[in-house]
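S.K.:
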Amino acid sequence: MSKNQEAVETHRDTETLLAVLDAADRMPSAGRLRARSYELLAPVPGTTVVDVGCGAGRAVAELAERGVHAVGVDTDPRMLAAARERWSAAEFREAGAEDLPFADGSVRGYRADKVFHILQEPGRAVAEARRVLCPGGRIVLVGQDWDAILIDSDDAALTRTIVHARADLLGTPRAGRQYRNMLLDGGFDDVTVEVHTSVFTDPAMLSLVTRLAEPARTSGAVSRDQADKWLAEQRRRAETDRFLVAIPFFVAAATA
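Residue numbers for the sequence shown, in my numbering: 16 to 271.
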């Protein structure tokens, strides 16, 4: 494949991912979850809040509307380019959760949404959050537990295999259920945990189950025939208004 072809494929993959993220963000439940995370963050106007793993930057823009200096941080330059294009007045920096571009105690709020499950050592990210937060600063972690995704299917055993196989390809797939202990181990106080379940029945979310089945097939956990059969059933369900995916999202908050 030529460099030009690779660039085209990369652009197409980015656009596809952005479309999936945008569709999920537009769901009413996603809006309520973001609003709840901002409430728990308790942003103080005029102070700095960092959104780690900011993606296309929607939360950064929404936090800025609350009067704070919001900074989006992400490791993916393609996502940052999309964020800067969409929210030209906002600030975005390229950095990882384990090495943030902030001085000790310089941040009043820290938010990470759907980030810790991709990290190999989330404890390092918690330690880095503790470093940059000022005394009394707030941290909020939001994310799904990839082993707890619920999908209605005629073949429950195959569905469990696909869900678990996809989870096992991630750095810390069960990070959501571990947030509380991570924060306690990191020296945070007043730790609270909530669970908000998002239910998806819109056929537009078929891309979500595809993104579960394909990696499970590629890893060898299921065969191509099994994956194709399972996806065909999900498409039939979507066509007849019988499609359902439920995802529990953990929301943990604490004080530095």
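Think of the CB as a built atom: it goes at the ideal place given N, C-alpha and C, for glycine as much as any other residue.
#1: Among the candidates Gly202, Leu198, Asp40, whose CA atom is the shortest distance from the CA of Phe131?
#2: Apply the 10 Å Cβ neighbour rule to Glu80 and answer buried if 16 or more other Cβ atoms are within range, or exposed otherwise.
#3: Have a look at Arg99 and Cys149 and give me their C-alpha separation to the nearest angstrom.
#4: Cα-Cα, which of Thr255, Ile164, Thr63 is closest to Arg126?
#5: For Arg251, is the classification buried or exposed, using 16 other Cβ atoms within 10 angstroms of its Cβ as the cut-off for buried?
#6: Give me the Cα-Cα distance between Thr225 and Ala261, rounded to the nearest whole angstrom.
#7: Quick one: residues in its chain with C-beta nearer than 6 Å to the C-beta of Asn19, no 5 flanking neighbours on either side, listed in chain order?
#8: Given Ser44, which residues of its chain have a CB within under 6 Å of its CB, disregarding the five upstream and five downstream residues?
#9: Using three-state DSSP, classify Asp205 as helix, strand or coil.
#10: Taking three-plus beta-carbon pairs below 8 Å as touching, is the segment 153-160 in contact with the segment 188-195?
#11: Let me make sure I understand the geometry here. Which of Gly124, Leu36, Met94 has the alpha-carbon closest to that of Ala110?
M.R.: Considering the structure as presented:
#1: Leu198
#2: exposed
#3: 27 Å
#4: Thr63
#5: exposed
#6: 15 Å
#7: At Asn19 the pLDDT is 41, less than 50, meaning the model places this residue with poor confidence; the figure from the coordinates comes in the next sentence. Contacts found: none.
#8: Ser213
#9: strand
#10: yes
#11: Met94
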